[in-house]
Amino acid sequence: MPPHDGQVAVYTGSFDPITLGHLDVIERASRIFNHIVVGVGINPDKQPLFDQEERVKLVETAVDHLNNVTVRRFHGLSVTFVREQKAQVVLRGVRSLTDIEAEFTMTLANRMLDPGIETVFLMA
């Protein structure tokens, strides 16, 4: 499938650490969209194994072979970060029905905050 012309997609998470599942989502998305921004955030509900800067470096190393992927750190709401990146799409990887249910709730909240941002789910 050729990339969507001009479309930027954002994939956010804590990536603590980045997993093969995360990398699979990023690689597949990089073939669909022109540019992927991986946003490494802080989840206040999790006790991190690695600090944010270490996680950014781990993700950068993992995606080094992908020319259309950028890694950035962020704080705050994902939807705000997506807007800052001038993106139209939020990427989410889902593994199970439980993931889909949680992500659906988040998608509805994001839609209320910015109806112009679409969410695309990729099976992880």
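Its first residue numbered 1265, the sequence shown is counted upward by one per residue in the working numbering.
The beta-carbon is built from N, C-alpha and C at its ideal position, and this holds for glycine as well.
C-beta contact flag for residue i and residue j at 9 Å
i	j	result
I1282	A1326	yes
T1276	V1346	yes
N1421	T1383	Nothing about residue 1421 can be reported from this structure: the residues present for the chain run from 1265 to 1388 only.
V1320	H1299	no
A1366	V1274	no
Nearest residue (CA-CA) to residue i, options the options
i	options	result
F1385	A1293, Q1271, V1272, S1278	A1293
Q1316	G1340, G1285, D1280	D1280
L1313	D1363, A1351, M1370, S1278	S1278
V1289	Q1311, L1341, N1331, V1358	V1358
L1322	L1377, L1287, L1372	L1287
I1364	M1387, T1344, L1377, H1339	M1387
D1328	M1376, G1340, E1291, N1307	E1291
R1356	M1376, T1371, H1339	T1371
Boundaries (first-last residue) of the beta strand (DSSP E) holding residue i
i	result
H1339	Premise fails: H1339 is in no beta strand (DSSP E) and is neither H nor E.
I1296	Unbroken run through I1296 is the alpha helix (DSSP H), 1284-1296; no beta strand (DSSP E).
DSSP bridge partner residues for residue i (one or two, in chain order)
i	result
R1356	F1385
A1273	I1300, V1353
V1335	V1302
heavy atom of the ligand SAH below 8 Å from residue i C-beta
i	result
V1320	Absence of the ligand SAH from the depicted structure is noted, as is the absence of any ligand whatsoever, leaving it without description.
Delimiting residues of the alpha helix (DSSP H) encompassing residue i
i	result
Q1316	1316-1326
N1307	Where N1307 is concerned, there is no enclosing alpha helix (DSSP H), given that its DSSP letter is neither H nor E.
L1253	There is simply no residue 1253 to check, as the chain begins at 1265 and stops at 1388 in what is shown.
May I ask you to verify whether the segment 1327-1336 touches the segment 1294-1309, counting CB pairs closer than 8 Å and requiring at least 3?
Contact between the segment 1327-1336 and the segment 1294-1309 is present, because at least three Cβ pairs lie under 8 Å.
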